[in-house]
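A.B. asks:
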Amino acid sequence: MKTHIFIATTQGLVAIQNITPIDDEDISSVVSVNGTSTTANISGSYHNFVKKGVGIIQQMFGACSYRVDISARIDQGNSWQVAIYLAHLAQSKGLLGNGEVNQGDTVICATGEVNTSNHQVLAVTEVALKLKLAQPQLEQWTALGVKVQFLLPKANQSDVEQNNYTLLVSDLEQAALALPNSTQSQTSPSVKSKKSASNNSRIIIIIAIVAAVLVVVFGLSKLTSPESKQHQPLYKTSKAPQTELNKSIQLVALIEQGKSCAQTSDEPVLLNKKVFADLALNQLCALYLQTNTTVVQILLVAQDAYTVLPLKQNQQGWQIPLPKNRASHRSYFLVAIAQSLSEDKIEQLRLYREAMPKPSLLTESALASWLEKQKVNFTVYTHKLVIE
Amino acid sequence: MPDHLNHMQEQVFTAKALYRELHQHPPEQSHSGKSWLFNDLVQLAQGNPKIDGHQLIQHINQSLPLRRQYMQLLQKLAFASSPVQAAASSKTEISSRKSAEFELLFKRDKQFSGQVYVILKIPHSIEKHHNQGVRVNCCSDNLISTMHFPPIVDGKTQLLMEESDQKFINMFDAEFAIYLS
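Going down the list, the protein sequences come from chains D and V. For any residue, its number in my numbering is found by taking its place in the first sequence, counting from 1, and adding 17. For any residue, its number in my numbering is found by taking its place in the second sequence, counting from 1, and adding 7.
#1: Using a Cβ-Cβ cut-off of less than 9 Å, list which residues of the region 124-155 of chain V approach chain D; keep chain order.
#2: For a contact meaning CB atoms closer than 7 Å, what does residue 167/V contact in chain D?
#3: Runs of 3 residues minimum, wholly inside the region 309-394 of chain D: which ones carry the beta strand (DSSP E) assignment?
#4: Please report the straight-line C-alpha distance between residue 129/D and residue 100/D, rounded to a whole angstrom.
#5: Sorted by chain position, which residues of the same chain lie with C-beta nearer than 6 Å to residue 309/D's C-beta, five sequence neighbours on each side aside?
#6: Closest Cβ-Cβ distance between residue 135/D and chain V: below 9 Å?
#7: Where do the N-terminal and C-terminal ends of the beta strand (DSSP E) with residue 86/D fall, by residue?
#8: Could you work out which residues of chain V lie near residue 44/D, taking near to mean beta carbons separated by less than 8 Å?
#9: Just verifying my parser: in three-state terms, what is the DSSP assignment at residue 77/D?
#10: Within 9 Å of any Cβ in chain V, is that where the Cβ of residue 60/D sits?
#11: So, using beta-carbon positions, are residue 271/D and residue 307/D closer together than 9 Å?
#12: Count the other CB atoms within 10 Å of the CB of residue 166/V; is the residue buried (16 or more) or exposed (fewer)?
#13: Determine the closest residue to residue 164/D out of 125/D, 40/D, 184/D, 170/D, with distance taken between C-alpha atoms.
#14: Report the three-state DSSP secondary structure of residue 148/D (helix, strand or coil).
#15: Whole angstroms is fine: what's the gap from residue 58/D's alpha carbon to residue 90/D's?
#16: In the structure shown, what three-state DSSP assignment does residue 115/V receive?
#17: What does the alpha-carbon distance come out to for the pair residue 318/D and residue 330/D?
#18: Starting from the C-beta of residue 132/D, find all residues in its chain whose C-beta is less than 6 Å away, skip the five residues before and the five after it, and write them out in chain order.
#19: Under three-state DSSP, which class holds residue 143/D?
#20: Determine the chain V residues that contact residue 41/D at a beta-carbon separation under 9 Å, and present them in chain order.
#21: Please classify residue 70/D: is it buried, with 16 or more other beta-carbons within 10 angstroms of its beta-carbon, or exposed?
#22: Go to residue 60/V, then tell me how far its alpha helix (DSSP H) extends in each direction, as first and last residue.
#23: Can you give me the Cβ contacts of residue 54/V inside the same chain, cut-off strictly under 6 Å, excluding the 5 residues immediately before and after it?
#24: Let me check understanding here. Comparing Cα to Cα, which of 183/D, 360/D, 399/D lies closest to residue 353/D?
#25: Between residue 294/D and residue 402/D, what straight-line distance do the alpha-carbon atoms span, to the nearest angstrom?
#26: Step through the CB atoms of chain V and report whether any lies within less than 9 Å of the CB of residue 84/D.
#27: Can you list, in chain order, the residues of its chain whose CB lies under 7 Å from that of residue 20/V, leaving out five sequence neighbours each side?
#28: Determine the direct distance from the alpha carbon of residue 404/D to that of residue 384/D, and round the result to whole angstroms.
#29: Just curious, the beta strand (DSSP E) that residue 17/D is in, first and last residue?
#30: Are the CB atoms of residue 129/V and residue 87/V within a distance shorter than 9 Å?
#31: At a CB-CB cut-off below 8 Å, which residues of chain V make contact with residue 64/D?
#32: Nearest to residue 107/V by CA position, among 120/V, 90/V, 66/V, 80/V, is which residue?
#33: Considering only their Cβ atoms, is the gap separating residue 47/D from residue 96/D smaller than 9 Å?
#34: Using a Cβ-Cβ cutoff of less than 8 Å, which residues in the same chain neighbour residue 281/D once the five nearest sequence positions on both sides are dropped?
#35: Can you name the residues of chain D whose CB is closer than 7 Å to the CB of residue 119/V?
#36: Give the DSSP-derived three-state secondary structure of residue 254/D in the structure shown.
Right, dumping it as structure tokens:
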């Protein structure tokens with residue numbers, strides 16, 4: 018079940034076929050037509066939409082440059098921005114389709130410009146024409162059993178007659194709800210049901226507050242009781258495996274000798290209270306986390322991006338991928354887990370991350386409390402790669 | 008054959024060709040239906056993106072006098088140049104071109120192996136490079152090819168090209184001189 022994202026243009030729908038991170042500072046982000054070397058005229062604007070400081074994509078999804086393949090040329094305007102943002106989000110969740118729609122898939126068509134400062138969706142021109150041109154295709158897909166939505170800026174509300182497909186969005190957070198697996202997103206084909214979802218969320222918040230008050234009241238009374246002193250901190254679910262996890266972990270850096278990584282020396286990184294010492298990126302060739310066999314999975318959770326990555330193990334240990342973009346410091350958590358988390362759980366962790374307005378809002382304790390709910394033994398380590 | 012004799016022969020040939028052109032209608036112009044003026048050569052050499060570079064360069068490559076004139080214009084008007092590369096081996100393909108004013112390099116696309124990103128870095132670019140882009144001319148003894156890069160942003164501009172494209176091959180052929188305008 019894939020989610021296909023289409024850009025609504027004045028020439029009809031244009032499919033976003035693929036997004037590939039380039040993540041090379043020398044290469045600018047590019048929009049290519051049908052996988053060929055023909056580039057769309059919006060490539061320059063897309064580069065700015067990605068660029069940190071001006072755009073939002075690098076900040077949200079990590080890489081400093083991307084290649085986007087679309088099915089037809091787009092020559093001007095910025096109304097592609099909402100659709101491209103959604104495509105990046107779908108790509109990060111492993112949902113993005115290639116524009117070839119099959120039964121059971123989801124299709125999201127979008128038009129709208131993004132204010133990159135406050136993430137509001139701005140009004141665009143020719144919305145009625147774009148919807149009119151897309152309408153026959155939307156009906157065909159619906160007949161095929163495809164879930165179809167047409168996202169347009171709330172500021173354009175008066176320009177179009179709303180129908181079953183249209184969904185008005187005022188900011189990127191609302192637009193993101195259109196994707197499957199997002200909270201409240203599954204049943205939001207219209208503004209009306211969006212409102213009911215909003216009411217539901219209020220009820221959930223009230224229940225959560227009541228539950229939190231109860232937890233605080235009963236939690237405090239337990240803490241003051243003598244047996245509560247035996248409890249481990251929140252993110253240590255059991256003492257024995259935790260100690261084993263801590264004992265046998267070592268971060269090894271391969272540092273270049275001379276001017277290339279042809280010759281390297283192994284240097285262990287100091288560990289103090291679950292924080293590995295900062296490491297300079299400049300001469301770093303590779304980075305491995307070595308653990309004993311009680312650790313069956315290591316997750317890398319970036320602090321400065323929304324990346325959540327299960328690491329691969331080889332003979333040298335768990336390989337930590339080094340950032341290609343070495344222009345700024347990179348902070349991340351390494352989560353050593355004694356029981357493997359399923360793909361679904363990892364996906365849930367990604368969604369939990371993406372629900373945060375900024376990646377930097379993830380703290381060690383927040384990560385630990387999420388992991389605790391998964392009922393696994395784990396330890397969270399912190400590490401920072403720095404530019405000297 | 009010594010160089011000065013080569014130049015002498017070329018100059019005599021050019022003078023005769025120009026003399027003939029003054030007295031006869033050049034056949035290729037009447038076939039293409041478009042006549043080119045000297046100013047078109049000047050505009051192309053200056054990097055004006057409004058000139059139909061593809062057609063004009065075809066025309067220039069078919070005419071020795073025009074090629075000679077265009078080369079002289081490039082030498083006078085180009086923003087920067089990189090001469091034919093002196094190589095210490097027989098390998099003619101190079102991975103980058105560097106001069107005091109610019110650097111030209113390419114990187115392969117990871118997904119589409121036949122495609123390359125050609126990156127042109129100009130640290131101290133001039134105003135027209137930010138407005139109208141940069142024209143790169145690749146010139147050998149027998150052929151001139153030209154391509155237009157988009158406007159410079161953050162000190163660089165790039166093209167996505169097919170590796171098999173002759174223009175890309177020329178750009179990284181040590182036997183081609185490069186002129187930027």
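Built from N, CA and C at the ideal position, the CB exists for glycine as well.
C.D. replies: Based on what the coordinates show:
#1: 124, 126, 128
#2: 47, 49, 54, 56
#3: 314-319, 325-327, 329-331, 334-336, 347-354
#4: 8 Å
#5: For residue 309/D, same chain residues with a beta-carbon under 6 Å away, outside a window of 5 residues either side, are 265 in chain order.
#6: no
#7: 83-87
#8: 114, 124, 126, 165
#9: helix
#10: yes
#11: No, Cβ-Cβ distance for residue 271/D and residue 307/D is not below 9 Å.
#12: buried
#13: 125/D
#14: helix
#15: Cα to Cα, the separation comes out at about 8 Å.
#16: strand
#17: 16 Å
#18: 139
#19: coil
#20: 114, 124
#21: exposed
#22: For residue 60/V, the enclosing alpha helix (DSSP H) covers residues 60-68.
#23: 142, 188
#24: 399/D
#25: 9 Å
#26: By this cut-off, residue 84/D is an interface position.
#27: 71
#28: When rounded, the separation of the alpha-carbon atoms in residue 384/D and residue 404/D is 26 Å.
#29: Past the boundaries of the shown model lies residue 17/D; chain D is included only from 18 to 405, so the question cannot be answered.
#30: yes
#31: 160
#32: 90/V
#33: no
#34: 271, 272, 273, 274, 302, 303
#35: 52
#36: Residue placement at residue 254/D is flagged as unreliable, the pLDDT there being 36, under the threshold of 50; the coordinate-derived value follows with that caveat. The answer is coil: DSSP assigns residue 254/D none of H, G, I, E or B.
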